[in-house]
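First comes the structure, then the notes that go with it.
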Amino acid sequence: MRVYDIIAKKRDGLELSKEEIYFWVKGYTSGEIPDYQISALLMAIFLNGMSKRETIDLTMAMVESGNTLDLSEIDGIKADKHSTGGVGDKTTLVLCPLVASAGIIIAKMSGRGLGHTGGTVDKLESIPGFNTQMNVKQFLECVKRAGIAIVGQTENLVPADKKIYSLRDVTATVNSIPLIASSIMSKKIAAGCDGILLDVKVGSGAFMKELDKACELAREMVEIGVGLGKSVTAVISNMNQPLGNAVGNSLEVIEAIETLKGKGPEDLTELCLTLGSHLLKTVNKTKTLEEGRQILIEKLHTGKALEKFCEMVENQGGDTKVIWNYGLLPHANYSLDVIAEADGYVQHMNCEQIGIAALESGAGRITKDSIIDLGSGIMLHKKVGERVSKGDIIATVYTNDEEKLRDICRRVKSSYHIADESVPMTRLIYGVVDSQGIHKDFE
Ligand code: URA
């Protein structure tokens, strides 16, 4: 088999066989096939797409490029959750202990933030002592003890994706639905859970800016998972403004803990209840969404979800005192308020720009090796649909880099569009995709 012929076949819009897909994935991972040939092949896939069968074969070829986790020695229903990434998205910090308190085992590997979107591992690392880096044995021990563990990716899990993703990043081939779907699902399949809940974000702060593309991605990921024998549901949710009010690592941890105490922002609480009730149904813990929602509301109100969070923090070496004393978390030395210049209503926000402002404050990474400032970020005091009066504080920027403060405030201010007409609060959920197809909540 020659990689040249595989490139030519895909260039001409033909389907690759399973053998051909395994051949190039294996050859590229081992270093036998050079970057320039896979760059050409990725561009051909980007332009001509892949069939469902090809995408499933690509997913499995990537899964089989490295180690997989075997969770069979852990009793109970094991579930995983994945967000396609957004701004202020601290859902994992709330949702995972919430569903774990309802008896679901959570063995989750999360990522770090890159670019304008944040990552769960960075957020958790703002809790002093919290260990996100462990080997498979330690990870499984952790899950067994508390019924929940959230860590960074373990070594050699889907090495093909690491290489292919880096190449896509520099060859303008990231934004391809079969490539994104196989990249995400290969990591979920390798992580070994029974059920998977996908939170597919759409909007100005998300990867997918258009609803039809987000639906297509959700459908593709669900089909891959179901095709490989997993129970998968995807919820399509709004990322046209940050989720909740906090953007930045320790700020988001505080907001997540407040939510677990039942005092969180409405949108974050609602998203966690919606995702959670879908997750419980996906793994057959409950028959209806309403039944799941009632269980989760009870876990929030009785403090059981917060207790589970506390157990997870303790189990992973973190200082549980932070839960009652936020002063123990990293914080920024400088802050500046963003002031409204006119009366009106927040019409919309440029969510990506808010993410970039948080990145500039020190909360995010420009390259994979950037050192981040866990205490910096942005608190939003006004969101879409809310009334604003001239002189109101609409946001506050926190940073340890005093020189950047004014520029960041300017960026945040320009992300807000305020005008006279009132606008409705934004819709949080657009629809759900499961093995039965798409259930739209729009049109
Ligand atoms: N996240 C991933 O893990 N892979 C992609 O291709 C895009 C987002």
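One gets my numbering by counting positions in the sequence shown from 1 and adding 1 to each.
Think of the CB as a built atom: it goes at the ideal place given N, C-alpha and C, for glycine as much as any other residue.
Query - Beta-carbon spacing of M380, T174 below 9 Å - result: Position 379 of the sequence shown holds residue 380. Position 173 of the sequence shown holds residue 174. No, Cβ-Cβ distance for M380 and T174 is not below 9 Å.
Query raised in the report: If you check the beta carbons only, do G356 and A191 fall under 9 Å apart?
Result: Within the sequence shown, the letter at position 355 stands for residue 356. Within the sequence shown, the letter at position 190 stands for residue 191. No, they are not a contact pair.
Query - Which residues DSSP lists as bridging H440, in chain order - result: As a first step, residue 440 must be located in the sequence shown, where it is residue number 439. DSSP, once it has assigned bridges, lists V433 as partnering H440.
Query - Span of the beta strand (DSSP E), counted from its first residue to its last, around M51 - result: Counted from its first residue, the sequence shown places residue 51 at position 50. No beta strand (DSSP E) holds M51; DSSP gives it neither H nor E.
Query raised in the report: Could you name the residues, in chain order, whose CB is less than 5 Å away from a heavy atom belonging to ligand 1?
Result: I181, S184 and I185
Requested in this report: In the DSSP assignment, find the alpha helix (DSSP H) that holds S102 and state where it starts and stops.
Outcome: Here residue 102 refers to the residue found at position 101 of the sequence shown. Note, S102: alpha helix (DSSP H), T92 to S102.
Query - Cβ neighbour criterion (16 or more within 10 Å) applied to N157 - result: In the sequence shown, residue 157 corresponds to position 156, counting from 1. Counting Cβ neighbours within 10 Å, N157 comes out exposed, since fewer than 16 surround it.
Query - Pick from K10, K384 and Q354 that is closest to C410, judged by C-alpha positions - result: Locating residue 410 in the sequence shown gives position 409, counting from the first residue. Cα-wise, what sits closest to C410 is Q354.
Query raised in the report: Thinking just about the alpha-carbon of each residue, which of D71, V159 and M426 is nearest to the one in Y346?
Result: Walking along the sequence shown from the start, residue 346 turns up at place 345. Closest by alpha carbon: M426.
Query - For K82, the residue or residues it bridges with in DSSP - result: Counting from 1 along the sequence shown, the entry for residue 82 is found at position 81. Beta-bridge pairing links K82 to L198.
Query raised in the report: Which value, in whole angstroms, describes the spacing of the CA atoms of K124 and T93?
Result: In the sequence shown, the residue the question calls residue 124 occupies position 123. In the sequence shown, the residue the question calls residue 93 occupies position 92. Roughly 10 Å between the two C-alpha positions.
Query - Backbone CA spacing between K262 and A207 [nearest angstrom] - result: Here residue 262 refers to the residue found at position 261 when the sequence shown is read from its first residue. Here residue 207 refers to the residue found at position 206 when the sequence shown is read from its first residue. Roughly 28 Å between the two C-alpha positions.
Query raised in the report: I think L293 touches S278, with their Cβ atoms under 8 Å apart; what is that distance to the nearest whole Å?
Result: For this step, residue 293 is matched to residue 292 along the sequence shown. For this step, residue 278 is matched to residue 277 along the sequence shown. Here the sequence assigns Gly to residue 293, which means Leu is not the residue at that position. Their Cβ separation, rounded to whole angstroms, is 3 Å, which keeps G293 and S278 in contact under 8 Å.
Requested in this report: Look at the alpha carbon of H349 and the alpha carbon of M240, and state the distance between them as a whole number of angstroms.
Outcome: For this step, residue 349 is matched to residue 348 along the sequence shown. For this step, residue 240 is matched to residue 239 along the sequence shown. Taking the straight line joining both Cα atoms gives about 11 Å.
Query raised in the report: How about L329 and P129: do their beta carbons lie closer than 9 Å?
Result: By 1-based counting over the sequence shown, the position of residue 329 is 328. By 1-based counting over the sequence shown, the position of residue 129 is 128. Yes, they are a contact pair.
Requested in this report: Kindly provide the ranges of any alpha helix (DSSP H) runs that are 4 or more residues long and lie completely inside the stretch 105 to 161, ordered along the chain.
Outcome: 121 to 126 and 137 to 147
Report task. Could you please give the first and the last residue of the uninterrupted alpha helix (DSSP H) stretch that includes Y327? Result -> Numbered from 1 along the sequence shown, position 326 holds the residue referred to as residue 327. Element bounds for Y327: n/a, residue is neither H nor E.
Query raised in the report: By Cβ distance, which residues of its chain are closer than 8 Å to G386, with the 5 residues on each side in sequence left out?
Result: What you label residue 386 is simply residue 385 of the sequence shown in a count that begins at 1. Taken in chain order, the residues that qualify are Y346, V347, S423, V424, P425, M426 and T427.
Query - Spatial distance of D58 from E253 (CA atoms) - result: Walking along the sequence shown from the start, residue 58 turns up at place 57. Walking along the sequence shown from the start, residue 253 turns up at place 252. Approximately 38 Å, taken between the alpha carbons.
Requested in this report: Would you identify the three-state DSSP class for L276, choosing helix, strand or coil?
Outcome: Locating residue 276 in the sequence shown gives position 275, where the first residue counts as 1. Note: L276 maps to helix in three-state DSSP.
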